[in-house]
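Structure first, commentary second.
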Amino acid sequence: MRPHYLLDASIYIFRAYFALAPGWRAANGLPTHAVQGYAGFLCDFLRRAAPGHVLAAFDESLGSCFRNQIHPGYKCSRALPDAALEFQLRACRELTGLLGIASVASARFEADDLIASAACAARGQGDCAVVISRDKDLGQVLRGADDRLWDFPAAAPLDRATYRARHGIAPEQVPDLLALCGDPVDDVPGVPGIGVKTAVALLQRHPDVHALLGALDAIAASSLRGAARIARLLEAHGEQILMARRLTALAEDAFAMQELPGTARQPAQRAALAHFADFHGLGERLRARLLAVADAAT
4 MRPHYLLDAS
14 IYIFRAYFAL
24 APGWRAANGL
34 PTHAVQGYAG
44 FLCDFLRRAA
54 PGHVLAAFDE
64 SLGSCFRNQI
74 HPGYKCSRAL
84 PDAALEFQLR
94 ACRELTGLLG
104 IASVASARFE
114 ADDLIASAAC
124 AARGQGDCAV
134 VISRDKDLGQ
144 VLRGADDRLW
154 DFPAAAPLDR
164 ATYRARHGIA
174 PEQVPDLLAL
184 CGDPVDDVPG
194 VPGIGVKTAV
204 ALLQRHPDVH
214 ALLGALDAIA
224 ASSLRGAARI
234 ARLLEAHGEQ
244 ILMARRLTAL
254 AEDAFAMQEL
264 PGTARQPAQR
274 AALAHFADFH
284 GLGERLRARL
294 LAVADAAT
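With positions in the sequence shown counted from 1, the corresponding number in this note's numbering is that position plus 3.
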């Protein structure tokens, strides 16, 4: 069984963008601190994991995602990237390819959907998926016994059992949890008065929100603290919960509408990497690390 490493590229790019001071500059004068951080992440990941099959997913669907047709307010508080950030995002995707890693993006599907769809394709080939992300909500991708979610480099990879032990719910219940609590980062509404602790308690008794909404009398009579109030809240917000569940569930059919790139890692382009590092002002140390990673892959 081959592991297919699926990178949530955007989360590592934005982590670097907000964490690092914009001290690095490309030859055109634009900042490259996000490129600097993302390049360091790729060097660390490739050296440690040495993946044979790897795919990076990028977000290019802000404002055009299918979820905006379900709920126009989805991610409405997020601004589109300005020209300087857009330059860095393009550079990061270019760097990914120069290191021999295939990448994918979509105007209709988010990176998380592309990862879920690629994981589904991997399992269909008898392989498994290792999702590289700091986003615990991607736990819902853990469908197979050998699938993993790896918060690289901060933590050990989680399988289905360890994810449930850590978060209190099964991986497939993640969209139900978010539909109950909401997700303010993505402007997904939640049920007022129901927080994570209550939502987890409900989902430990019922498999999903559809089952919850069909068991309101049982919930009202249960031993949950404030059970009657919780049942009333669920009943009052039933339509919203079901709508939010459509937002928080990941699509697994993205590659029915576009081709899934091959995940087999290709040889790195050493000369082009050297030029890339020089143009983007990445410095001698990071340039040397990139070239060492390239040499190790040949």
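C-beta atoms are modelled at their ideal positions from N, C-alpha and C, and glycine is treated no differently.
Please return the same chain residues whose Cβ sits closer than 7 Å to the Cβ of residue i, not counting the five positions on each side in sequence.
{"i": "S13", "result": "F61, D62 and A114"}
{"i": "D149", "result": "M4 and C131"}
{"i": "A223", "result": "A230, A231 and A234"}
{"i": "G100", "result": "S106"}
{"i": "P192", "result": "G185, Q243 and A247"}
Can you name the residues that DSSP bridges to residue i?
{"i": "D186", "result": "V191"}
Check whether chain B comes within 7 Å of residue i, counting only Cβ atoms and requiring the distance to be less than that.
{"i": "L250", "result": "Considering every chain present, this structure includes no chain B. It has just one protein chain."}
Residues in the same chain with beta-carbon distance under 8 Å from residue i, minus the five sequence neighbours each way, listed in chain order, please.
{"i": "L83", "result": "L65 and G66"}
I'd like the list of long-range same chain contacts for residue i, defined as Cβ closer than 6 Å, with 5 residues on each side in sequence excluded.
{"i": "Q176", "result": "L206"}
{"i": "G147", "result": "R126 and C131"}
{"i": "P160", "result": "R151 and W153"}
{"i": "R70", "result": "Y77 and L250"}
{"i": "C46", "result": "R292 and V296"}
For residue i, is the classification buried or exposed, using 16 other Cβ atoms within 10 angstroms of its Cβ as the cut-off for buried?
{"i": "R96", "result": "buried"}
{"i": "V188", "result": "exposed"}
{"i": "D116", "result": "buried"}
{"i": "F258", "result": "buried"}
{"i": "R268", "result": "buried"}
{"i": "F21", "result": "exposed"}
{"i": "I197", "result": "buried"}
Name the two residues that bound the continuous beta strand (DSSP E) containing residue i.
{"i": "V38", "result": "Looking at the DSSP string, V38 is not in any beta strand (DSSP E); the run it does join, the alpha helix (DSSP H), is H36 to A52."}
{"i": "C79", "result": "That residue, C79, is in no beta strand (DSSP E); it is neither H nor E in DSSP."}
{"i": "L236", "result": "No beta strand (DSSP E) contains L236, which is instead part of the alpha helix (DSSP H) from A230 to A239."}
{"i": "L58", "result": "V57 to A60"}
What are the start and end residues of the alpha helix (DSSP H) that includes residue i?
{"i": "H19", "result": "First, the residue type needs correcting, since residue 19 is Ala and not His in the sequence shown. First-last of the alpha helix (DSSP H) with A19: A12 to A22."}
Does the region 271-284 come within contact of the region 117-127, defined as at least 3 CB pairs closer than 8 Å? no
Assess, as a yes-or-no matter, whether the region 282-297 is touched by the region 24-39 under the definition of 3 or more beta carbon pairs within less than 8 Å. yes
Specify whether the region 178-188 and the region 162-169 touch according to this definition: at least 3 beta carbon pairs, one from each stretch, less than 8 Å apart. no
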